[in-house]
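*Asks:*
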Amino acid sequence: MFATAASRACSDAYRQVGVETSVPTASAHKLTMMLLDGFADAVAQARGALLAGRIEAKGRAIGRAVRIVEEGLRATLNLEAGGELAANLHRLYGYVALRLTQANVDNDAALLEECVHLLEPVRSAWQAIDPARHATPQ
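And the structure:
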């Protein structure tokens with residue numbers, strides 16, 4: 006689903022969502038895992054801020070989560086080469102971004118949890134196909 010150009014686009018998108026790390030040398034797989042981890046972290050921060058009544062911090066954290074989904078995960082899908090899987094992920098990411106926005110507007114922690122629940126199977130699948138886990142030692 007990723008090619009060299011897609012890997013570069015994913016790297017650029019990851020940088021755009023404000024995360025500082027070794028992005029230029031990371032594989033497309035590693036970048037996607039970093040995005041999914043960053044998403045979970047941003048939603049956890051949003052939930053904590055919401056429950057503490059820190060509305061501005063909640064908005065910033067949800068904004069970060071939306072950017073990760075839209076600019077990091079969704080924008081780097083190759084809809085032509087990825088077929089039905091890429092199309093399904095594209096729709097899922099769009100739905101998650103919408104629900105995050107609704108959670109922000111409504112101050113709804115349950116919607117934040119729904120978003121984490123929806124992306125957890127994607128994160129688990131990416132973890133399961135980690136090329137580093139399946140590499141043979143030299």
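So for the sequence shown, the numbering used here puts the first residue at 6; every next one is plus one.
Glycine included, every Cβ here is placed at the ideal spot set by N, Cα and C.
The model shown is predicted, which means the values in this text are computed figures rather than measured ones.
Is the Cβ-Cβ distance between GLY43 and ILE73 less than 9 Å?
*Replies:* Closer than 9 Å, so yes.
*Asks:* In three-state DSSP terms, what is GLY53?
*Replies:* The answer is helix: DSSP assigns GLY53 an H, G or I state.
*Asks:* Straight-line CA distance for ALA8 to THR37?
*Replies:* Note that ALA8 has pLDDT 49, beneath the 50 cutoff, so the model's placement of it is unreliable and no number is given.
*Asks:* Using the Cα positions of ALA33 and LEU117, report the straight-line distance between them to the nearest angstrom.
*Replies:* Roughly 26 Å between the two C-alpha positions.
*Asks:* Smallest Cα separation from GLN107: which of LYS63, ASP46, ALA57?
*Replies:* Comparing Cα positions, the closest option is LYS63.
*Asks:* For a test of the three-state rule: what should DSSP assign to ALA133, helix, strand or coil?
*Replies:* If DSSP states are grouped into helix, strand and coil, ALA133 belongs with the helices.
*Asks:* Note down, one range per segment and in chain order, each alpha helix (DSSP H) of at least 4 residues found wholly within the stretch 36 to 81.
*Replies:* Qualifying alpha helix (DSSP H) stretches, in chain order: 60 to 72.
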